[in-house]
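Asker:
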Amino acid sequence: MTQSLAEKYRPENLEAYDPIGGRHPLVIGGETLHDITELVCRPIERKTPKAWWAFFLFSASLLGIFGMSIAYLFWEGTGIWGLNNPVGWGWAIVNFVFWVGIGHAGTLISAILYLFRQKWRTGINRSAEAMTIFAVMCALTFPGIHVGRVWAAYWMFPIPNQMGMWPNFRSPLLWDVFAVSIYGTVSVLFWFTGLIPDLATMRDRSKTKIKRIAYGIFALGWRGSNRHWQHYEVAYMILAGLSTPLVLSVHTIVSFDFAVSQLPGWHTTIFPPYFVAGAIFSGFAMVLTLMIVTRKIFGLENIVTIRHFENMSKIILVTGSIVGYAYGMEFFISWYSGNPYETFTFVNRAFGPYAWAYWIMISCNVITPQIFWFKKARTSIPILFVASIFVNIGMWFERFVITVTSLSRDFLPSSWDYFSPTIWDISCLVGSFGLFFTMFSLFVRFLPQVAMAEVKAVLPEADPHYHPGDAHHAEAEGAH
Amino acid sequence: MAHGHVELTQEQTVIPQGHPWRTKLPLIAGVIGVGGLVLSYLAVMGHVVEAKAFFHSYLTAFLFTMSLSLGGLLFVLIQYVTRAGWSIVVRRVAENAMATLPLMAILFIPIVLGLHDLYHWSHHEAVAHDPVLKAKAGYLNEQFFYYRAGGYFVIWILLSFIYYRGSVKQDKSGDKKITRRLQNLSGPGIILTALTLTFAAFDWIMSLDPHWYSTIYGVYYFSGSLVAIFAFLSISIIAMQSAGLLEGVVTTEHYHDLGKLLFGFTVFWTYIAFSQYFLIWYANIPEETLWYAHRSVGSWQKMTTFMAVGHFVLPFFYFLTRSTKRHRFALLVGAMWMLMMHFIDMYWLVAPSLHHEGVVFGLIDVTTLLGIGGLFLAFFTWNLRRNPLVPIKDPRLQESLRFENF
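In the order they appear, the protein sequences are chains A and B.
With positions in the first sequence counted from 1, the corresponding number in our numbering is that position plus 12.
With positions in the second sequence counted from 1, the corresponding number in our numbering is that position plus 8.
1. Are the stretch 292 to 311 of chain B and the stretch 351 to 366 of chain B touching, with three or more C-beta to C-beta distances below 8 Å?
2. What distance in whole Å lies between the Cβ atoms of H116 of chain A and V266 of chain A, which are believed to be in contact at a cut-off of 8 Å?
3. With distances taken Cα to Cα, identify the nearest neighbour of I334 of chain A among A:T357, A:F287, A:V442, A:W371.
4. Distance cutoff 8 Å, beta carbons only. Does V39 of chain B sit that close to anything in chain A?
5. Could you pull out every unbroken alpha helix (DSSP H) segment of at least 4 residues lying fully inside the stretch 18 to 69 of chain B, listed in chain order?
6. Hey, how far is the Cα of P323 of chain B from the Cα of E88 of chain A?
7. Does the beta carbon of Q178 of chain B sit closer than 8 Å to a beta carbon anywhere in chain A?
8. Using a Cβ cut-off of 8 Å (strictly closer), state whether H279 of chain A contacts chain B.
9. Would W385 of chain A count as contacting chain B if we go by Cβ distances under 8 Å?
10. Using a Cβ cut-off of 8 Å (strictly closer), state whether E141 of chain A contacts chain B.
11. Show which residues of chain B have a CB atom less than 8 Å away from the CB atom of L260 of chain A.
12. Could you work out which residues of chain A lie near Q284 of chain B, taking near to mean beta carbons separated by less than 8 Å?
13. Taking 8 Å as the CB-CB limit, is Y221 of chain B close to chain A?
14. Can you tell me where the alpha helix (DSSP H) with W203 of chain A in it begins and where it stops?
15. Can you find the residues in the same chain that come closer than 6 Å, C-beta to C-beta, to A165 of chain A, ignoring five residues on each side of it along the sequence?
16. Provide the residue span of the alpha helix (DSSP H) that contains Y225 of chain B, from first to last.
17. Does the beta carbon of M341 of chain A sit closer than 8 Å to a beta carbon anywhere in chain B?
18. Quick one: list the residues of chain B neighbouring G350 of chain A, beta-carbon separation under 7 Å, in chain order.
19. Using alpha carbons as the reference points, say which of B:G252, B:V227, B:R100 lies closest to T206 of chain B.
20. Rounded to the nearest angstrom, what separates F83 of chain B and W101 of chain A at their Cα positions?
21. Look at the Cβ atom of S48 of chain B, then the Cβ atom of G379 of chain B, and state whether they are nearer than 8 Å.
22. Here's the rule I'm using: 16 or more other beta-carbon atoms within 10 Å means buried, otherwise exposed. How should D210 of chain A be labelled?
23. Would H11 of chain B be called buried (16 or more neighbouring beta carbons within 10 Å of its own) or exposed?
24. For Y300 of chain B and chain A, any beta-carbon pair shorter than 8 Å?
25. Do you know offhand how far G311 of chain A's Cα is from L51 of chain A's?
26. Determine whether the beta carbon atoms of A113 of chain B and L76 of chain B lie at a separation below 8 Å.
27. To test your reading of the DSSP string, which unbroken alpha helix (DSSP H) runs of 4 or more residues are found completely within the stretch 232 to 311 of chain A?
28. With a 10 Å radius around its C-beta and 16 neighbouring C-beta atoms as the bar for buried, classify R394 of chain B as buried or exposed.
29. List the residues of chain A that A202 of chain B touches, going by C-beta distances under 8 Å, in chain order.
30. Taking its Cβ as the centre, do 16 or more other Cβ atoms sit within 10 Å of Q309 of chain B, making it buried, or is it exposed?
31. Thinking just about the alpha-carbon of each residue, which of B:V374, B:R30, B:I213, B:K268 is nearest to the one in A343 of chain B?
32. Please decide whether S193 of chain A counts as near chain B, where near means a Cβ-Cβ distance under 8 Å.
33. Chain A beta carbons: is any one of them nearer than 8 Å to that of V227 of chain B?
34. Which bits of chain A does Y290 of chain B rub up against, with CB to CB less than 7 Å?
35. Taking Cβ positions only, does L357 of chain B come closer than 8 Å to chain A?
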């Protein structure tokens, strides 16, 4: 009984994978091992398309705006932003938290989903990890530039000096420096470790000497021997184990920036898990936005399937609901506390001068994801795309609401003020997207954006009990 | 091609006639349970202990047992919502833990009777002289408290009933539609359970100190309940296998996963407990720190330290290695330890609002725990007899039986 792979994956034959309509094959369209290599490598090897140039130049222009804004900021100081007396912490921290949050999906997908045996992560983990690294880069820019005296930015690090000046070790801002930089480092290591076998593939396929040397250097002499693979697997597992607490710790510490204070609206005990859930929420939304576009452009529909999107939208639903739960708890406890300042802060958020921002946040973060209760929405590309962008908007506003509403209403009513951004606030935010998209477009141009080796490992052919003649993988699996 | 299909025999899936788990265990547990409660009752009636002390001990034991029932419900719902395959062979045990919810509703009655001994806010004269309590009287008042508790139990019992009945019905029919239906319901089910559990934690535990508040409190009880249920599942399944039940059904691979989840949620509990403590310690606002101040006096300080070590440091290193999770006896020891720590956690939450000066652990704490715990076990083991020990016709049973970690 010989059966072509395409035949095998016809819907009526899928029953054996899972009796109640789950566990479909992760790669569809009957792609073979070689097809996957071709699908992923070809876009990198062919001549640079014009569309790529267009997107790259557009992103690079935004990056240029970022550069100019930063230059002007250094020249003039933080006064160019809309900061005022009670609101001394504006968009810089909002953007920082926003980008760090986005940087959570990649390592979550690679580490936590790996530990949970979620094999579907293989289709998206590479791009998500790349995105994580670029998001962390964007994030780290803001604390670097917002210090005012930028020539003293190295004081953020505890460097011994003759003045005996040390950062405050009790400050969560210092812990941020440690947490985010460790997270960035480990994310890069994790990403690079996963890249090694694929870089070797790129090296072996390259037609020019320069490419062979360039990919060859980073492939670290990978030959795909049994011993290499064994080391690779062990390294991957250890990095996954180490990354798991890191994913949770980063946004926990970011939440401490606010929650250790005594400010109503900032100081509340649910902040750490609530921030982590929000970070995963926004990170997955960004992965969704990016993958919907790149999969289409690069023709990866058989590797990044609609089921991948469905799974991601479920995670967005879960984390969005957790975020909604946290909003609810904050609101309830602000009343339950019987503390007039707490109550005032939350009523002010929802009905005060920033009510518009609050309701954007609620509709984007809590209401929008509820659409993913329906399978129709989870499998509709336009809905997924729009919802993912809404979530990103909502999560930016969440940080805005938290930061600005609490600050703008000081304990002393005579200090109250309203925050309005200047053009330089906006250019820094837009510019950071330039940095992000420039990096991302370089990534998709030069590196395999799907983890080929890992995707191949979840194909039925990779199963030790696979026999080409078998009708069903599930039965082949039980053949021992 | 039928090979690879594991056929379960009758002996593997039901408790045989005359087996002690069928004849003796429910009876023994029931006698202990009734005995414990009667002794506690006599102790109060004979003025050996104060009513206040009794009710606090009773509440501690109740919350501990309640987290097993609720943990069972959460476990079952999570398995459905994630369409998990590995866990089918252990799910029935969790379903039986969840099926004790009606019993827990009955055991809630003494708490209603002891409302005034437990909750300061239930005294009108206290509220009248306290502006903070007056401000929250719209929520913290007797009537609303009863309605809410009733609402929680209705939702929990209804959910547990739907899931139990669906699962048992599938044992006969093997109908895949049941799995699909329960899967679809599990998302809303989790939301309902999460919300009710949160407010139950606010009502029953947090309001013991009615001035104090913490937004993470619901998550704290939730995380503790999951630690408790993974410990309980490990212990009861190991006990069942030592008694010759579930032979060849639950394997080392399933223990490994239970151990991993127990480890994971132990760390998660720590994360939540630390977040709450740390933020309150750092901000140092008196109305919040008071709660921890009560737990830092005299011998309470020792117990607080013990919690950090016993509920996190020791189990973290103990469960970190692969071998403890895959070794039956090692897992049993670890799980029993965690269950004990969970009880201490509940005690640590409740008792300081009665004994301000230090830990007073008395016989009444033992008798109430034996009482409620015994009745819980009696009900649990009684339920085990009625149905197969595994969902024998679950469509994913084969996947679970063949499950391997790699």
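Every residue, glycine too, gets a C-beta built ideally from N, C-alpha and C.
Answerer: This is what the structure gives:
1. In the pairwise beta carbon analysis, the stretch 292 to 311 of chain B is classified as touching the stretch 351 to 366 of chain B: at least three pairs are separated by under 8 Å.
2. Taking 8 Å as the upper bound for CB-CB distance, V266 of chain A and H116 of chain A are not in contact here, some 10 Å apart.
3. Minimum Cα-Cα distance from I334 of chain A among the listed residues A:T357, A:F287, A:V442, A:W371 corresponds to A:F287.
4. Chain A contact via Cβ: absent.
5. Complete alpha helix (DSSP H) runs here, min 4: 18 to 21, 28 to 31, 33 to 53.
6. When only Cα atoms are considered, P323 of chain B and E88 of chain A end up about 54 Å apart.
7. So no, Q178 of chain B is outside the interface.
8. For H279 of chain A, the answer is yes, since a Cβ of chain B falls inside 8 Å of its Cβ.
9. By the rule that beta-carbons nearer than 8 Å mark a contact, W385 of chain A touches chain B.
10. No, E141 of chain A lies away from the interface with chain B (no Cβ there is under 8 Å from its Cβ).
11. For L260 of chain A, the chain B residues whose C-beta falls within less than 8 Å of its own C-beta are Y279, listed in chain order.
12. Simply T281.
13. At least one C-beta of chain A is nearer than 8 Å to the C-beta of Y221 of chain B.
14. Counting along the chain, the unbroken alpha helix (DSSP H) around W203 of chain A starts and ends at 184 to 217.
15. Contacts found: G156, V159.
16. Element bounds for Y225 of chain B: 225 to 250.
17. True, the Cβ-Cβ gap to chain B drops below 8 Å.
18. The contacting residues are V140, A143, K144.
19. Comparing alpha-carbon positions, the option among B:G252, B:V227, B:R100 lying closest to T206 of chain B turns out to be B:V227.
20. Cα to Cα, F83 of chain B sits roughly 43 Å from W101 of chain A.
21. In contact: S48 of chain B and G379 of chain B (Cβ atoms closer than 8 Å).
22. Classified as buried, D210 of chain A has 16 or more neighbouring CB atoms from the shown chains inside 10 Å of its CB.
23. Residue placement at H11 of chain B is poorly supported in this model, since its pLDDT is 42, which falls under 50; the coordinates are not used for a value here.
24. Not one chain A Cβ lies under 8 Å of Y300 of chain B.
25. Between G311 of chain A and L51 of chain A, the C-alpha separation is close to 8 Å.
26. At least 8 Å separates the beta-carbon of A113 of chain B from that of L76 of chain B.
27. Qualifying alpha helix (DSSP H) stretches, in chain order: 238 to 271, 283 to 309.
28. With fewer than 16 Cβ atoms within 10 Å of its Cβ, R394 of chain B is classed as exposed.
29. Chain A residues near A202 of chain B: Y337.
30. By the 10 Å Cβ count, Q309 of chain B comes out exposed.
31. Among B:V374, B:R30, B:I213, B:K268, the Cα nearest to that of A343 of chain B is on B:K268.
32. Taking Cβ atoms only, chain B never reaches closer than 8 Å to S193 of chain A, which makes this a no.
33. Yes, its Cβ sits closer than 8 Å to a Cβ of chain A.
34. Going along chain A in sequence order, the residues near Y290 of chain B (Cβ under 7 Å) are V272.
35. With 8 Å as the cut-off, L357 of chain B does not count as an interface residue toward chain A.
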